[in-house]
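Since the structure comes first, as structure tokens, the remarks are kept for the end.
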Amino acid sequence: MATLVSFHAHPDDECIATAGVLVKAKEDGHRTVLVFATRGEHGEVADGFLGADEELWTRRVDETHAAAAVLGVDRVEFLGYRDSGMMGTPENDLPGSFWTADIEEAAQKLGALLREEDAEVFTCYDEIGGYGHPDHIRVHEVGLRAAALAGTPRVYQSTINRDALMRMGEGLDPEVMAEAGLEMPDFERQPQFGMPEAVITCAVDVTAYAPRKRAAMRAHASQIADDHFMLAMPDDMFAAAFGTEWFIRDGQGPGITETSIL
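If you count by this note's numbering, then the sequence shown holds residues 70 to 331, one letter each, in order.
What follows is the structure, encoded as structure tokens:
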């Protein structure tokens, strides 16, 4: 049995990026651990969703544990930093934000957990954090340093396959996309969205776990409402969009050569 530690910026990121590999690892008999840099204090939430005295972060922590139960995760930990908000917002520079965190200090915290768990496999994010969010970029920086400090042997950077997403968009009927509430990213206006397929080294088919993945998303109700496109889209479209999880493993060279991280 090996241990997989998956590092994320905010609650609900785990469902989108690595839910499939977490379920697969657990079903294959491995131990799975989720670590979050923040509690997602600055997520958007619909008016009236929270109780009068309820803080968003407490709801998101509860949602995280509910989602983890759906995925069969063995342990959930939070590093204790504050959500930094989107890039260029005042929240970036607030005391305690992950964006202002000392990378070495944060890596020491995470590295201690990796050593405690004797993690064989570790996931973080790619160098742009998928889409340029400051906390996601920090997950990449802190994650790689922590793995180096702990001597974790196999490190995978979770990413978005930019080319696959473009191909999927080209093959979809615009009317069907509109009905599902889907809108493809404008890659010319958002150059920091995903990585080219040429640099991706691992593609994990998690189609079989799509129902569990969507159920875990549903647990994050403060961020992913029932009418959100990820929950509203037809099953076949969901499988096409989220049925493969993509990773970059340093030292593997260009091209997809792996179909599993464990």
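Using N, Cα and C, we set each Cβ at its ideal position, and we do this for glycine too.
Quiz item: If you count every other CB in all the chains shown that lies within 10 Å of the CB of Ile206, and 16 or more means buried, which is it?
Solution: Result: buried.
Self-check item: Rounded Cβ spacing between Gly201 and Met237 (contact assumed at less than 8 Å)
Solution: Actually they are not in contact, since the Cβ atoms of Gly201 and Met237 sit about 21 Å apart, beyond 8 Å.
Quiz prompt | Integer-rounded CB distance, given that Thr192 should sit under 8 Å from Thr270 | solution = Incorrect: roughly 13 Å between the Cβ atoms, too far for contact.
Practice problem: Pick out whichever of Asp82, Glu185, Thr228 and Ala233 has its Cα sitting closest to the Cα of Ala216. | Solution: Distance from the Cα of Ala216 is smallest, within the candidate group Asp82, Glu185, Thr228 and Ala233, for Glu185.
Quiz item: Got a sec? Which residues, its chain only, sit under 6 Å from Lys95 by beta carbon, not counting five neighbours each side?
Solution: Same-chain partners within the cutoff: Thr101 and Gly141.
Quiz item: Helix or strand or just coil, what does DSSP make of Met306?
Solution: If DSSP states are grouped into helix, strand and coil, Met306 belongs with the helices.
Quiz prompt | Beta-bridge partners of Ser166, as assigned by DSSP | solution = Its beta-bridge partners are Arg151.
Quiz item: Who are the Cβ neighbours of Asn43 in its own chain at under 8 Å, not counting the five residues just before and after it?
Solution: Outside the displayed range of the chain (70 to 331) lies residue 43, so it cannot be described from this structure.
Quiz item: How far does the alpha helix (DSSP H) with Ile380 in it reach, from first residue to last?
Solution: Lying before the first or after the last residue shown, residue 380 is absent from the chain, which here runs from 70 to 331.
Quiz item: Any idea if His77 is buried or exposed, counting beta-carbon neighbours within 10 angstroms, 16 or more meaning buried?
Solution: In summary, His77 is buried, with 16 or more beta-carbon neighbours lying within 10 Å of its beta-carbon over all protein chains present.
Quiz item: Can you round the beta-carbon distance between Glu110 and Trp126 to whole angstroms, since I take them to be within the 8 Å contact cut?
Solution: Contact flag correct, Cβ pair sits at about 5 Å.
Quiz item: If Val130 and Arg144 are in contact, beta carbons under 8 Å, what's the gap, nearest whole angstrom?
Solution: Contact doesn't hold; Cβ gap of about 14 Å is too wide.
Self-check item: Residue closest to Phe311, alpha-carbon to alpha-carbon, out of Thr276, Thr328 and Ser329
Solution: Selection Thr276, Thr328 and Ser329 evaluated against Phe311 yields Thr276 as nearest (Cα-Cα).
Quiz prompt | Residue span of the alpha helix (DSSP H) that contains Val208, given as start and end | solution = Unbroken alpha helix (DSSP H) run through Val208: Pro203 to Ala219.
Self-check item: Euclidean distance between Cα positions of Pro203 and Val74
Solution: So the two alpha carbons sit approximately 21 Å from each other.
Quiz item: Helix, strand or coil: how does DSSP classify Val90 here?
Solution: Three-state DSSP puts Val90 in a helix.
Quiz item: In this structure, what does DSSP give as the bridge partners for Val102?
Solution: Val74 and Arg144, per the DSSP bridge assignment.
Quiz prompt | Residue range of the alpha helix (DSSP H) that includes Phe298 | solution = Looking at the DSSP string, the run of the alpha helix (DSSP H) that includes Phe298 is Phe298 to Ala301.
Practice problem: Give the secondary structure of Glu314 by DSSP, where H, G and I count as helix, E and B as strand, and everything else as coil. | Solution: Correct three-state label for Glu314: strand.
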